[in-house]
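Novice: Quick note on my numbering: the sequence shown kicks off at 403 and runs consecutively.
All residues carry an ideal CB built from backbone N, CA and C; glycine is no exception.
Remember, it's a predicted structure, so these values are computed and weren't measured experimentally.
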Amino acid sequence: MDDFYREIILEHYKHPANRGSIPDATISHEEDNPLCGDRIRIDLLVKAEVVQDVKFSGQGCAISQASADMLTEEIKGKTLDEVRKLDKQFILIRVCN
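1) Does the Cβ of A468 have 16 or more other Cβ atoms within 10 Å, making it buried, or fewer, making it exposed?
2) With distances taken between CB atoms, is the gap from D471 to H414 smaller than 9 Å?
3) CB-CB under 7 Å to A427, same chain, minus the five flanking residues each way: which ones, in chain order?
4) Name, in chain order, the residues that DSSP records as bridge partners for F406.
5) Whether or not the segment 434 to 443 and the segment 405 to 420 are in contact is what I'm after, with contact meaning three or more pairs of Cβ atoms, one per stretch, closer than 8 Å; do they touch?
6) Checking 9 Å against the spacing of the C-beta atoms, do E475 and L488 come in under that value?
7) Is it buried or exposed, F406, if we count other Cβ atoms within 10 angstroms and call 16 or more buried?
8) On a Cα-Cα basis, can you pick out the residue from V453, H431 and E451 that is closest to R443?
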């Protein structure tokens, strides 16, 4: 793995901007990977169809936790329709660039 990407992943892992929870979340979703034990929960606060706030919690490897943090940064401020249009390929491109 390139040093540049390693630094980005470690920065998001060690200092996540959006780790936490939203007690009055409009939408909450949790996924886990039984093969490796990663677990991620994402809470969204949505007003007028726009993601006002987003937090994640969970446990797992540095890559899963850093990716969750990067995803929260990407969807904050977007409409629900824009969030629904995100696909795996787009997310991988954003996380890796």
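Specialist: From the atom records:
1) Numbered from 1 along the sequence shown, position 66 holds the residue referred to as residue 468. Its Cβ being crowded by 16 or more others within 10 Å, A468 is buried.
2) As a first step, residue 471 must be located in the sequence shown, where it is residue number 69. As a first step, residue 414 must be located in the sequence shown, where it is residue number 12. Cβ atoms of D471 and H414: closer than 9 Å.
3) As a first step, residue 427 must be located in the sequence shown, where it is residue number 25. Counting only Cβ-Cβ distances below 7 Å, and skipping sequence neighbours, we find D445, L446 and L447.
4) Numbered from its first residue, the sequence shown carries residue 406 at position 4. Partner(s): none; F406 has no beta bridge.
5) no
6) Residue 475 sits at position 73 when you count from the first residue of the sequence shown. Residue 488 sits at position 86 when you count from the first residue of the sequence shown. The Cβ atoms of E475 and L488 do not sit closer than 9 Å to each other.
7) By 1-based counting over the sequence shown, the position of residue 406 is 4. Counting Cβ neighbours within 10 Å, F406 comes out exposed, since fewer than 16 surround it.
8) Your numbering for residue 443 matches position 41 in the sequence shown. For R443, the nearest C-alpha among the options comes from H431.
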